[in-house]
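Take a look at the structure set out below.
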Amino acid sequence: AFLVTQLRKAGAVILGKANLSEWANYMDSCMPNGFSANGGQTQNPYGAFETYGSSSGSAVAVAADLTTVSVGSETQGSMILPAGINSVVALKTSRGLVSGDYIIPLLPWQDVPGPMGRSVTDVAVLLGAMTGVDPNDPDAGRSANLAGRDFTLSLGSKRQKPLRVGIPVWNDESIEAWFDKQGISDKKQHAAFRKVFEELNRSLRSTGEIISSAGLTVVEVPGSALPQQQDVAPALEFGFKDAINSFLENLGDAVPVASLQEIIAFNNKELKNRAPYGQNHLQSSQNTVLTAEEYAAIQEHNQQAARSAIDQLLSKFNIDVIVSDVSQSYAPAGYPALTVPAGYAADGKPQGIVFVGGYLAEPLLLAAGYAYEQATRLRKAPNLEATMKLIHAMDDSPP
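Plus 211 on top of the position in the sequence shown (first one is 1) and you've got the working numbering.
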């Protein structure tokens, strides 16, 4: 892969391959996050918590100190979510900044690789080594000016103007607008959701205070102004089938299967071992009735709508980045997002904060994330011995 070549040129030592959720977490709805037939079940080093996916092993390997940094990939949430729940830093990159060569494709116009590490600095270092202009990547030209950049120069550097960070605020007007968008009219549901928004506001205000104390400018943004989510579900079946068939065709004799249909047939020969949770997503993709024209129309609509929404949000409120996990907006847009450890729940479950920016806003995201990280220093190493005892106890418990 082009990015692996870049890493080796930079002197990286490849320690191993991580156990990711099989087929980019698009195997079967019953398959748990972090599972692959080849590697088994990835576990969260912090306890009996989710690992999320698909880049489960990439996050866990870093969290458990098995490696300093790792590479993950994301179509929509597949880096940000595992990183957050495993208390590590991850940067989902702008489309084209890092070559997608040899990434298992799900939706090629959203699929991107990115760096993971225990600190923002480690992620910035790895990002610089990963970037480069891949002549076979149609999006690479748009990001050429950042290729090979030393992204650590963005960390802690003095700026003429402080970074402006948007913090969503859910006032009555924003909440009512959200109810209207969601079509929720039941008063009992209103009351329940308002309690959720009250807790969310308390958390966001606390986040805003931390960000402000780090020397960044906080700008309150009405929650109703956040970009609407773009639905990629209709495109997944066709996108995966079309992309994986092309991917396998290019590999030729290097792999024993040449199409999605052959993958399904291969699994069916030993379903218990090769697809123990089923392969409904693979089968539905094989049977898709969506046409290439319909797929292209969904892609164009989702990309344009997502890009326009984020661009307008950043421009309207004059902000550099925003705190928000709007993966169904930044992913279709091809825009970057950064997650940084933000503490732990009462039961020890890791939590992360997510910063989102415009296209090629990686330097701004790293600067904001670094400022937050240095102001909080919330990440703690997991107690691996305790977690392993818990996992073994669960394995030994009666069904």
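Positions of the beta carbon are idealized from the N, C-alpha and C atoms, including for glycine.
- Less than 7 Å divides the Cβ of L317 from the Cβ of T286.
- DSSP, reduced to helix, strand and coil, places F451 within a helical segment of the structure shown.
- Around the CB of D333, 16 or more other CB atoms lie within 10 Å, so the residue is classed as buried.
- A distance below 8 Å between beta-carbons, with the five flanking residues on each side excluded, links V273 to the following residues of its chain, in chain order: T279, V280, S281, N297, V299, M327, G328 and R329.
- Annotation for Y555: the continuous beta strand (DSSP E) segment containing it runs A548 to Y555.
- Within the region 317 to 383, complete beta strand (DSSP E) segments of at least 3 residues are found at 323 to 328 and 375 to 380, given in chain order.
- For V215, the enclosing alpha helix (DSSP H) covers residues F213 to K220.
- The alpha-carbon separation between D276 and E584 amounts to approximately 19 Å.
- When secondary structure is reduced to three states using DSSP, T598 falls in the helix class.
- In the structure shown, the three-state DSSP call for V407 is helix.
- At a Cβ-Cβ threshold of 7 Å, P547 and S305 count as neighbours.
- Partner residues in the beta bridge of V429, as assigned by DSSP, are V376.
- Residue pairing from DSSP places I564 in a beta bridge opposite V551.
- Assigned with DSSP and collapsed to three states, E481 falls in coil, not helix or strand.
- As computed with DSSP, E285 is found in a beta bridge with V323.
- In the structure shown, A572 falls within a coil segment according to DSSP collapsed to helix, strand and coil.
- Rounded to whole angstroms, the separation of the alpha carbons of G426 and S247 is 44 Å.
- Restricting attention to T550, V534 and T598, the CA atom closest to the CA of V380 is found in V534.
- A301: member of the beta strand (DSSP E) spanning V300 to K303, first to last residue.
- With distances taken between CA atoms, D606 lies nearest to A259 out of C241, A259, K220 and N244.
- Taking the Cβ atoms as the reference, V532 lies roughly 40 Å from V500, outside the contact range of under 8 Å.
- When secondary structure is reduced to three states using DSSP, S247 falls in the strand class.
- DSSP, read as helix, strand or coil, puts Q494 in helix.
- Bridge pairing for R413: absent [DSSP].
- Between N230 and G268, the gap from beta carbon to beta carbon is short of 7 Å.
- Each residue's CA atom was taken as its position, placing D397 and F458 some 48 Å apart.
- Here I533 is bridged, per DSSP, to G377 and V567.
- Setting aside the 5 residues that flank it on each side, T428 is surrounded in the same chain by P373 and R375, each with a C-beta closer than 6 Å to its C-beta; the list follows chain order.
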